[in-house]
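Scroll down for the structure; my scribbles are underneath it.
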Amino acid sequence: MTLFLGDRLFLSPIGDNPQRVLDLGTGTGIWAIDFADEFPSAEVFGVDVSPIQPKWVPTNCKFQIDDIEQPWTWPDNHFHFIHIRNLEGCVSNWTDLYKQAFECMAPGGYIEVKEHDIELRSQIQELDDEHAFKSFSGNLLEACGRLGKVGLQCRDHGIAKSLKAAGFVDIVERKWPIPVGAWANDLVLKQVGSGALEFLDKSVEGFGIFLLKEVMGWEMAEILVLSSEFRKALKNFRTQPVFDLHIVYARKPETRIETA
Numbered sequence: 001m002t003l004f005l006g007d008r009l010f011l012s013p014i015g016d017n018p019q020r021v022l023d024l025g026t027g028t029g030i031w032a033i034d035f036a037d038e039f040p041s042a043e044v045f046g047v048d049v050s051p052i053q054p055k056w057v058p059t060n061c062k063f064q065i066d067d068i069e070q071p072w073t074w075p076d077n078h079f080h081f082i083h084i085r086n087l088e089g090c091v092s093n094w095t096d097l098y099k100q101a102f103e104c105m106a107p108g109g110y111i112e113v114k115e116h117d118i119e120l121r122s123q124i125q126e127l128d129d130e131h132a133f134k135s136f137s138g139n140l141l142e143a144c145g146r147l148g149k150v151g152l153q154c155r156d157h158g159i160a161k162s163l164k165a166a167g168f169v170d171i172v173e174r175k176w177p178i179p180v181g182a183w184a185n186d187l188v189l190k191q192v193g194s195g196a197l198e199f200l201d202k203s204v205e206g207f208g209i210f211l212l213k214e215v216m217g218w219e220m221a222e223i224l225v226l227s228s229e230f231r232k233a234l235k236n237f238r239t240q241p242v243f244d245l246h247i248v249y250a251r252k253p254e255t256r257i258e259t260a
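Anchor point for the sequence shown: position 224 equals 224 in the UniProt record's numbering, and the numbering is continuous, going up by one each time.
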């Protein structure tokens, strides 16, 4: 999504000299690494439950294997910027997570959350309930629910509501439809759409096999059929497939009076 954002790693007004930065659910660590390169004077920490980060990283970037839903060990009032992305379906209680972020954030610091709606849709028509987009996402969301995970935090201003409940102020919400495939007229959106299609095309089984097989009890043949239908729908550009990208950022108040 960096290309879509004009090569920006974030939208929050954090200034030119962020000091301590935390990337939650860092995954491969690419965002944390890029941030550390862009701000060499910052200390950047990436946290994830999976040890899939590279060993060779900037000297100001460190990774930690941990479960972000467990009690944090970071000091209070410590971080100046906390970044979260692509954790829909992975968190049981978002407000509790944001409360931990609030406690560990320095007064005046920012949190930024980037999430995309799990359900793809058509930009030009209403899809019926049997469409592969709805079937695929609906079953994934049901599986997430069985695991006690929230899969639709991004809808109905859910991110902003949870951030407010945790104590954050000056909440800014942004939302865009992201094309899947190179059907858009805009040249940048063509590139973004091509990248989105490639990613989703390669990730269908990665998203679906565990949830559909282990949680929902599907046979592998059923999973492969739905995956094939989903891929076919991805490449049907006549429907102009999109998913909604949500970016929400907010600030920790400087004082208790400001909170009130």
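For every residue, glycine included, the Cβ atom is placed at its ideal position computed from N, Cα and C. Keep in mind that this is a model prediction, so the values were computed, not measured.
Residue i (DSSP reduced to helix, strand or coil)
i           : result
residue 37  : helix
residue 144 : helix
residue 9   : coil
residue 246 : strand
residue 46  : strand
residue 260 : Summary for residue 260: the model assigns pLDDT 49, below 50, so the residue's position carries little reliability, and this model does not support an answer.
residue 83  : strand
residue 162 : helix
residue 168 : coil
residue 175 : strand
residue 180 : coil
residue 150 : strand
residue 156 : helix
residue 102 : helix
residue 72  : coil
residue 214 : helix
residue 129 : coil
residue 3   : coil
residue 138 : helix
residue 96  : helix
Span of the alpha helix (DSSP H) around residue i
i           : result
residue 113 : Counting along the chain, residue 113 falls outside any alpha helix (DSSP H), though it belongs to the beta strand (DSSP E) covering 105–116.
residue 209 : 187–209
residue 224 : 220–234
Cβ-based neighbour list, residue i, same chain, cut-off 7 angstroms, excluding 5 preceding and 5 following
i           : result
residue 199 : none
residue 213 : 220 and 223
residue 9   : 2, 31, 34, 35 and 38
residue 147 : 215
Start and end residues, beta strand (DSSP E) containing residue i
i          : result
residue 20 : 20–24
residue 90 : Unbroken run through residue 90: none, as it is neither H nor E.
residue 61 : 61–65
Same chain, Cβ closer than 6 angstroms to residue i, five either side skipped, listed in chain order
i           : result
residue 120 : 133, 241 and 243
residue 65  : 51
residue 188 : none
residue 61  : 32, 33, 36 and 44
residue 49  : 67
residue 112 : 10, 12, 83 and 249
Residues near residue i by beta carbon distance below 8 angstroms, same chain, minus five either side
i           : result
residue 260 : Because residue 260 carries a pLDDT of 49, less than 50, the predicted location of this residue cannot be relied on, and the following value inherits that uncertainty. Within the same chain, residue 260 has no close Cβ partners at all.
residue 196 : 178, 179, 180, 181 and 243
residue 71  : 100
residue 193 : 178, 179, 180, 181, 182, 183 and 184
residue 140 : 89, 118, 151, 207, 208, 211 and 212
Cross-strand partners of residue i (DSSP beta bridge)
i           : result
residue 121 : 242
residue 251 : 110 and 169
Problem - Inter-stretch contact (C-beta, 8 angstroms, three-pair minimum) for the region 152–164 and the region 123–134 - result: no
Exercise for the section: Would you be able to state if there are at least three C-beta pairs under 8 angstroms between the region 240–254 and the region 174–193? Expected result: yes
Handout entry: Inter-stretch contact (C-beta, 8 angstroms, three-pair minimum) for the region 119–133 and the region 224–236
Key = yes
Practice task
Determine contact between the region 71–83 and the region 21–29, defined as no fewer than three beta-carbon pairs at a distance below 8 angstroms.
Solution key: yes
Practice task
Would you be able to state if there are at least three C-beta pairs under 8 angstroms between the region 55–62 and the region 32–41?
Solution key: yes
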